[in-house]
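S.K.: Order-wise, the sequence lines are chains D and Y. If you're matching positions, the first sequence starts at 0 in numbering that gives the first Met the number 0 and goes up one per residue. If you're matching positions, the second sequence starts at 0 in numbering that gives the first Met the number 0 and goes up one per residue. First the structure, which I've put down as structure tokens, then a few questions once you've had a look.
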Amino acid sequence: MTQLPAQTDKKLGLVIDLDTCVGCHACVVSCKGWNTENYGAALSDQNAYGKDPSGTFLNRVHSYEVQPDQGAAQTIHFPKSCLHCEDAPCVTVCPTGASYKRVEDGIVLVNESDCIGCGLCAWACPYGARELDQAEGVMKKCTLCVDRIYNENLPKEDRQPACVRTCPAGARHFGDLGDENSDVSILVKTRGGFDLMPEQGTKPVNKYLPPRPKDEQIDILAPLLEPVAAEPTGFLGWLDKTLEKL
Amino acid sequence: MHPAPSIIFFTVFSGLGFGMLAFMGLGKPDVSGFTAFIFFFIAYALAVGGLISSTFHLGNPQRALKAFSQWKTSWLSREGCLAVATLLVMGLYAIGIIFFNTRIGLLGLLGAILAFCTVIGTSMIYGQIKTVPRWHHWTTPLIYIGYAMTGGALMTGQLRIATAGLVTIGALQVVAWIIGDKRFAEEGSTIETATGLGTIGKVRMFEAPHSSKNYLMKEMVHVIGRKHARNLRIIGVLLVSLIPWALLMFFPFNHFMALLAVLAHVAGALTTRWLFFAEAEHTVGLYYGQR
Chain D
0 MTQLPAQTDK KLGLVIDLDT CVGCHACVVS CKGWNTENYG AALSDQNAYG
50 KDPSGTFLNR VHSYEVQPDQ GAAQTIHFPK SCLHCEDAPC VTVCPTGASY
100 KRVEDGIVLV NESDCIGCGL CAWACPYGAR ELDQAEGVMK KCTLCVDRIY
150 NENLPKEDRQ PACVRTCPAG ARHFGDLGDE NSDVSILVKT RGGFDLMPEQ
200 GTKPVNKYLP PRPKDEQIDI LAPLLEPVAA EPTGFLGWLD KTLEKL
Chain Y
0 MHPAPSIIFF TVFSGLGFGM LAFMGLGKPD VSGFTAFIFF FIAYALAVGG
50 LISSTFHLGN PQRALKAFSQ WKTSWLSREG CLAVATLLVM GLYAIGIIFF
100 NTRIGLLGLL GAILAFCTVI GTSMIYGQIK TVPRWHHWTT PLIYIGYAMT
150 GGALMTGQLR IATAGLVTIG ALQVVAWIIG DKRFAEEGST IETATGLGTI
200 GKVRMFEAPH SSKNYLMKEM VHVIGRKHAR NLRIIGVLLV SLIPWALLMF
250 FPFNHFMALL AVLAHVAGAL TTRWLFFAEA EHTVGLYYGQ R
């Protein structure tokens, strides 16, 4: 149960394009919507309309400012959810066997009827991908929309995670990262996809694509708009001096 | 990390209880009848009380029995199994001593070893957590064993072992703090590695994903209270180690002095255990520009 499989048949996961993400949080909303209405305990909110609202989310979008050694800083929107790690530390720490990694597709799931809500898996995850639902007392995490991707009652185009399906910018991609020739694997290869916190040794399946380098000079008109004179002359100069004397 | 009172009580008091059981298993003190009953009663009250306290932070404690199933990989599961095994073995051993005035040495030895292993199990629940570099270090099991055995010696009146233990854990605690303060940097996780954006430049949190604190931040990005850490460290090490040591060394030994020493030691253990959690920094804090 909580022993990790030596290998999985597929490595289903997400590829998130930090170049394309506009930080609209649509993936956050669609994730919350789907996963509240479908598989497992609903994602509860506490004090949703009060002073200090909080709630359970399986996907969150951070925004960072990155300052290169030279040039302007960049704002980068950064969606974060479970990375479905190959060496998932959250699974092995689980005392009840509620957490497991599926052999067939590598998805990391929680069997909620076995979860005692001890929170140890959330401690073991370096990424903050697991949140203990405060109403149900069970651990919630991204299921990769396991109840969508194999769901034959849905039209074919909807058989992908809700976040991927909804992303208006096309910044999220879903597929088998274990298959070298899959679209997502090719995307990772050509764009130089990377792991989050590789030093933690978790071997995440999800990959992030780096922002493309920005053009060195974006605004070609800017140099032409330099102020013509630093000091005002003529009528404005007279006005400036007169006002200063007052 | 959030210093939950239930977890602090669990680790301190169950450690103390299992430490006591380890000594009693070895026949220290060699008592029988009602006196033995009192000793065993205190040890069991501490050990079981601690374990019960640990269930208070569970979301679904009614399913706690399932936690005995995953001993192959999970230290929390192993700790539970070892604790129950210790309590069962020592229960039989105690019945022999209390009611039949018979000490089954081998059973006691087995119980003592199990009690010792239970404390290792408790320590490894934290020691295994790689995401908290301060905990993921050999000092964590040593601290837990040191505290449990010193407390056990103190509670069972093993004066020589207790005085030696008190000095040892004081020194050990200071060493653990000195090493622990450098651990996060040593492990090398930064906001740059967490986001993978370090190749572009210096990363700064621009906007949080949510407007108020969530579970992750309450549980793992506990930063309040750290500002008193230095004072609490001094108070903690005085209470847990130096004061009880001085009481045992320089004052005539009697029940009142022993009680004072135990109270000081326990108050100190609660303080340093609070710091063990409050000062522990989790990598998820990096995503929030905090530690």
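For each residue, glycine too, the CB sits at the ideal point set by N, CA and C.
Return the CA-CA distance between residue 58(Y) and residue 10(Y), expressed in angstroms with no decimal places.
M.R.: Going from the Cα of residue 58(Y) to the Cα of residue 10(Y) covers about 19 Å.
S.K.: Say whether chain Y places a C-beta atom closer than 8 Å to the C-beta of residue 268(D).
M.R.: Any question about residue 268(D) goes unanswered here, given that chain D covers just 0 to 245.
S.K.: Decide if the stretch 126 to 141 of chain D is in contact with the stretch 82 to 102 of chain D; the criterion is three or more beta carbon pairs, one per stretch, under 8 Å apart.
M.R.: The stretch 126 to 141 of chain D vs the stretch 82 to 102 of chain D: in contact.
S.K.: Of all the options 199(Y), 172(Y), 44(Y), which has the alpha carbon lying nearest to the alpha carbon of residue 70(D)?
M.R.: Nearest option by C-alpha distance: 199(Y).
S.K.: Quick one: is residue 286(Y) buried, meaning 16 or more other Cβ sit within 10 Å of its Cβ, or exposed?
M.R.: Burial call: buried.
S.K.: According to a CB-to-CB cut-off of less than 9 Å, which residues of the stretch 131 to 158 of chain D neighbour chain Y?
M.R.: Within the stretch 131 to 158 of chain D, the residues whose Cβ lies closer than 9 Å to some Cβ of chain Y are 131, 132, 133, 135, 136, 137, 138, listed in chain order.
S.K.: Could you give the distance in angstroms between the alpha-carbon of residue 169(Y) and the alpha-carbon of residue 264(Y)?
M.R.: Each residue's alpha carbon lies about 11 Å from the other.
S.K.: Closest Cβ-Cβ distance between residue 175(D) and chain Y: below 8 Å?
M.R.: No, no contact with chain Y.
S.K.: Are the beta-carbon atoms of residue 15(D) and residue 171(D) separated by less than 8 Å?
M.R.: Their beta carbons are under 8 Å apart, which means residue 15(D) touches residue 171(D) by this criterion.
S.K.: From the beta carbon of residue 210(D), is the nearest beta carbon of chain Y less than 8 Å away?
M.R.: By this cut-off, residue 210(D) is an interface position.
S.K.: Start and end of the beta strand (DSSP E) containing residue 63(D)?
M.R.: Counting along the chain, the beta strand (DSSP E) containing residue 63(D) begins and ends at 58 to 66.
S.K.: What are the residues in the stretch 135 to 168 of chain Y lying within 8 Å of chain D by C-beta distance?
M.R.: Answer in chain order: no residues at all.
S.K.: Could you list the residues in the stretch 198 to 221 of chain Y with a C-beta less than 8 Å from some C-beta on chain D, going in chain order?
M.R.: The residues in question are 198, 199, 200, 201, 202, 203, 204, 205, 206, 207, 208, 209, 210, 211, 212, 213, 214, 215, 218, 219.
S.K.: Between residue 79(D) and chain Y, is any beta-carbon pair separated by less than 8 Å?
M.R.: Chain Y contact via Cβ: present.
S.K.: When you compare the CB positions of residue 7(D) and residue 90(D), do they come within less than 8 Å of one another, or not?
M.R.: Not a contact, by the Cβ cut-off of 8 Å.
S.K.: Please determine if the stretch 121 to 139 of chain Y and the stretch 148 to 156 of chain Y are in contact, where contact requires at least 3 C-beta pairs separated by less than 8 Å.
M.R.: Short answer: they don't touch.
S.K.: Determine, for residue 179(Y), whether the minimum Cβ-Cβ distance to residues of chain D falls below 8 Å.
M.R.: Taking Cβ atoms only, chain D never reaches closer than 8 Å to residue 179(Y), which makes this a no.
S.K.: What is the DSSP secondary structure of residue 80(D), reduced to helix, strand or coil?
M.R.: In this structure, residue 80(D) counts as strand in the three-state DSSP scheme.
S.K.: Please identify the residue among 104(D), 106(D), 116(D), 102(D) whose C-alpha is closest to the C-alpha of residue 95(D).
M.R.: That would be 116(D), whose Cα lies nearest to the Cα of residue 95(D).
S.K.: Any chance you could list the alpha helix (DSSP H) runs of at least 4 consecutive residues sitting entirely within the stretch 7 to 35 of chain Y, in chain order?
M.R.: Runs of the alpha helix (DSSP H) inside the stretch 7 to 35 of chain Y: none found.
S.K.: I'd like the ranges of any alpha helix (DSSP H) spanning at least 4 consecutive residues and lying wholly in the stretch 113 to 176 of chain D.
M.R.: Entirely contained in the stretch 113 to 176 of chain D, the alpha helix (DSSP H) runs reaching 4 residues are, in chain order, 119 to 123, 145 to 148, 161 to 165.
S.K.: Report yes or no: is there a C-beta of chain Y within less than 8 Å of the C-beta of residue 193(D)?
M.R.: It does; some Cβ of chain Y falls within 8 Å.
S.K.: Ignoring anything shorter than 3 residues or poking outside the stretch 3 to 30 of chain D, list the beta strand (DSSP E) runs there in chain order.
M.R.: Segments of the beta strand (DSSP E) lying fully in the stretch 3 to 30 of chain D: 11 to 16.
S.K.: Determine, using beta carbons only, whether residue 151(D) and residue 213(Y) come nearer to each other than 8 Å.
M.R.: No.
S.K.: May I ask which residues mark the beginning and end of the beta strand (DSSP E) holding residue 201(Y)?
M.R.: Residue 201(Y) -> beta strand (DSSP E) spans 201 to 206.
S.K.: Could you pull out every residue in the same chain whose Cβ sits closer than 7 Å to the Cβ of residue 61(D), ignoring the five residues on either side in sequence?
M.R.: Result list for residue 61(D): 77, 79, in chain order.
S.K.: Helix, strand or coil for residue 212(Y) per DSSP?
M.R.: Coil.
S.K.: Does the CB of residue 289(Y) have a neighbour CB from chain D at under 8 Å?
M.R.: By this cut-off, residue 289(Y) is not an interface position.
S.K.: Please confirm whether residue 118(Y) has its beta-carbon closer than 8 Å to some beta-carbon of chain D.
M.R.: Output row for residue 118(Y): interface = no.
S.K.: Can you tell me whether residue 21(D) is buried or exposed, with buried defined as 16 or more other CB within 10 angstroms of its CB?
M.R.: That one is exposed.
S.K.: Consider the Cβ of residue 115(D): report whether some Cβ of chain Y lies at a distance smaller than 8 Å.
M.R.: Answer yes: the Cβ-Cβ gap between residue 115(D) and chain Y drops below 8 Å somewhere.
S.K.: Between the stretch 49 to 65 of chain Y and chain D, which residues of the former have a C-beta closer than 8 Å to a C-beta of the latter?
M.R.: Those residues of the stretch 49 to 65 of chain Y that come within reach of chain D (Cβ to Cβ, closer than 8 Å) are 56, 57, 58, 59, 60, 62, 63, 65.
S.K.: Determine the contact status of residue 219(Y) and residue 150(Y), defining contact as a CB-CB distance below 8 Å.
M.R.: Not a contact, by the Cβ cut-off of 8 Å.
S.K.: Mapping DSSP to helix, strand and coil, what is residue 74(D)?
M.R.: Three-state result, residue 74(D): strand.
S.K.: Check whether the Cβ of residue 170(D) lies closer than 8 Å to any Cβ atom in chain Y.
M.R.: False, the Cβ-Cβ gap to chain Y never drops below 8 Å.
S.K.: Please confirm if residue 123(D) has its CB atom under 8 Å from at least one CB of chain Y.
M.R.: It does; some Cβ of chain Y falls within 8 Å.
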